[in-house]
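Each residue of the first sequence is one higher than the last, beginning at 22 in our numbering.
Yeah, the Cβ is synthetic: ideal placement off N, Cα and C, and Gly gets one too.
Encoded as structure tokens, the structure appears first; notes follow it.
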Amino acid sequence: MRFSNAFIPTLKESSQETDSISHALMLRAGLIRMLTSGVYIYLPLGWRVLKKIQDVIRSELDKVGAQELLLPALQPLELWKLTGRDKDLGQTLICFTDRKNRKLCLGPTHEEVITDLVKNNISSYRQMPLILYQIQTKFRDELRPRGGLMRSCEFIMKDAYSFDIDEASLDKNYQLMCDCYNKIFSLLGLNSVRLEADPGVIGGSESHEFMVFSENGEDKLHYCPSCKKTFSFKEGQSSCLKCKKDLILKNAIELAHTFKLGMKYSKVQSATFLNEKGKRQPVIMGCYGIGVSRLLPAIIDQHHDEKGIIWPKEVSPFDVGIAVVEFSKPKALELADKLSSRIESLGKSVLLDDRDIRAGVKFNDLDLIGIPLRIIIGKHWLENGDLEIIFRKDKSKTIKIKEQEVEEKIKTLLS
RNA sequence: CGGGGCGUGGCUCAGUUUGGCUAGAGCGCUUGGUUUGGGACCAAGAGGACACAGGUUCAAGUCCUGUCGCCCCGACCA
């Protein structure tokens, strides 16, 4: 992709109103724009990152045997009345009546819908265990949206649901999913901690949250500086039970929330199956959510410097940036085109900055956008054919290579 | 929903306290020229009627009333 053709509206300044770093960087780097409070547009660059994040999630979930489907965002309010959650969610649930006088709502989560699906399509213990998931837009009329994508009214969520014949089997799936989440977050460059949580409106017997420490997080955690153990803020203790050290209060972002639902939904919605003895019983359920769009600010929060974003290579919108500094020389652009198609044939994406502007602007934009590797075709190339590879994370590691070494080098650096 | 702040070209903001010439700056944009390794410079342009509605006044971006929108803190948060 040539920068001159790309829609990447970067900004030099950010408004004084946006006080979270990640949100300001998302606006400045041309990742998102606000439509109205709590509702955001994903620009091409932001959407590329979001798709990369989804790729990681899909790939890991598929590995543990979870199957992707897509449930409707539009749901009959009837289902919610059945479980009584229309009242639990209250005004958060966005409801309306269609022209046929049908009462509908926009899905804030999908326990009712998936349970309804299972009720009609699972009837035997032979059909379980089963894990289904989707990546979908959720709608919640938040009292106060904040922090850009951190808490918005329309957001992307990955929600998975497990179906088992008994508690022991649920425990297995639950563990499987938690391990999978740890893997996903570590691939995304997020140092997550897991701790027990309040099941809240979703319900169930047991529940855990996956959190990452962040100054701009909405949640608070107690942290032991000695044994590194984390405690939920609600537990209310002031010193570590083990080390007796004073706990430190830290802000954190909730990345994911898992629940052992048990029979909460299957009982009310009559999602039952016949066990091996021919006895009818409710399906045992689990539910596992990841705030996908929230991962964007969470990752940026953990990976940035004063110049801008530093994407982990798994989620960078482009794998390689090429800055043509000697743009007045036709040969430089020719070489850049050649290099980018050679790199693309390795299955890597390239953002080629061919713009007729000064070097400083390109460097600053590429720093802001945060692509991990940058090739410069500039004065060293003019002098003796050297291409420079600059690492976004650490410029002191800059290396010089010749044109014919590019594929080999990129392959090693991106593996 | 309670408290606080804000709304002036595409972006970031000044101007409002103490009403007064024709509404400003920087960035961005267009054209020409000089530049060209860390957000260049010169020149010439385009672009706003000051969130909206009412009111006070000889005169309102500025004062008053109402409405709408946005941000932050709190409450809430699957």
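Provide the residue(s) that pair with G310 in DSSP beta bridges, ordered along the chain. D180, H278
If you run the structure through DSSP and keep just helix, strand and coil, what is I53? strand
Complete alpha helix (DSSP H) runs within the segment 360 to 415 (minimum length 4 residues, chain order): 380 to 390, 400 to 405
Cβ-Cβ distance between A319 and L276 below 8 Å: yes
Leaving out five residues before and five after P338 in sequence, what residues of the same chain have Cβ atoms less than 6 Å from its Cβ? L66, R69, V70
Just mark K73 as buried or exposed, buried being the case when its beta carbon has 16 or more other beta carbons within 10 Å. buried
Apart from the five residues on each side of it in sequence, which residues of its chain come closer than 6 Å, Cβ to Cβ, to E81? C201, K204, I205
Based on the DSSP secondary-structure assignment, which residues constitute the bridge partners of G342? L372, R395
State the start and end residues of the unbroken beta strand (DSSP E) segment that holds D240. 240 to 244
May I have the straight-line CA-CA distance separating H324 from M178, to the nearest angstrom? 22 Å
Is the segment 133 to 153 close to the segment 78 to 94, with three or more CB pairs under 8 Å? yes
From E227, S183, R167, S417, residue whose alpha carbon lies closest to that of L216: E227
DSSP beta-bridge partners of V233: I274
Can you look up E327 in the DSSP assignment and give me helix, strand or coil? coil
Which ranges would you report for the beta strand (DSSP E) in the segment 139 to 209 if only whole runs of at least 3 residues count? 151 to 160, 175 to 185
Could you say which of I330, L197, E335 lies nearest to G307 if we only look at CA atoms? L197
Contacting residues, own chain, Cβ-Cβ under 7 Å from V60 (five flanking each side not counted): S173, C174, E175
So, using beta-carbon positions, are Q148 and L92 closer together than 8 Å? no
Report the rounded CA-to-CA distance for C116 versus K159, giving the unit in angstroms. 13 Å
Contact belief for L408 with K421 at Cβ below 8 Å, rounded distance in angstroms: 7 Å
List the DSSP bridge partners of Q96. C126
Quick check: the segment 97 to 104 against the segment 116 to 126, are at least 3 beta-carbon pairs closer than 8 Å? yes
Report the residue from A94, Y63, K102, H131 whose alpha carbon sits nearest the alpha carbon of Y309. H131
Near E428, which residues of its chain fall below 8 Å by C-beta distance, leaving aside the five closest residues on each side in sequence? R363, I364, L367
Would you mind working out which of R379, K285, E38 sits nearest G105, comparing C-alpha positions? K285
With S58 and P166 assumed to form a contact (beta carbons below 8 Å), what rounded beta-carbon distance in angstroms separates them? 6 Å
Could you give the DSSP three-state label for S417: helix, strand or coil? helix
Please report the distance separating the alpha-carbon of L10 from that of D322. Nothing about residue 10 can be read from this structure; the chain reaches only from 22 to 436.
Once you ignore the five residues that flank F384 on each side, which residues in its own chain have a CB closer than 8 Å to its CB? A344
Given 8 Å, three or more beta-carbon pairs between the segment 384 to 396 and the segment 326 to 342: yes
According to DSSP, residues forming a beta bridge with G283: M306
Out of D386, I397, G406, D415, which has the shortest C-alpha to C-alpha gap to E34? D386
Can you tell me which of G283, G210, E236 puts its alpha carbon nearest to the alpha carbon of Y182? G283
Continuous alpha helix (DSSP H) stretch holding R106: start and end: 106 to 110
Looking only at its own chain, which residues have a Cβ that is under 8 Å from the Cβ of E297, when we skip the five neighbours before and after it? Y146
Candidates M171, G257, F231, of which the one nearest E239 by Cα: M171
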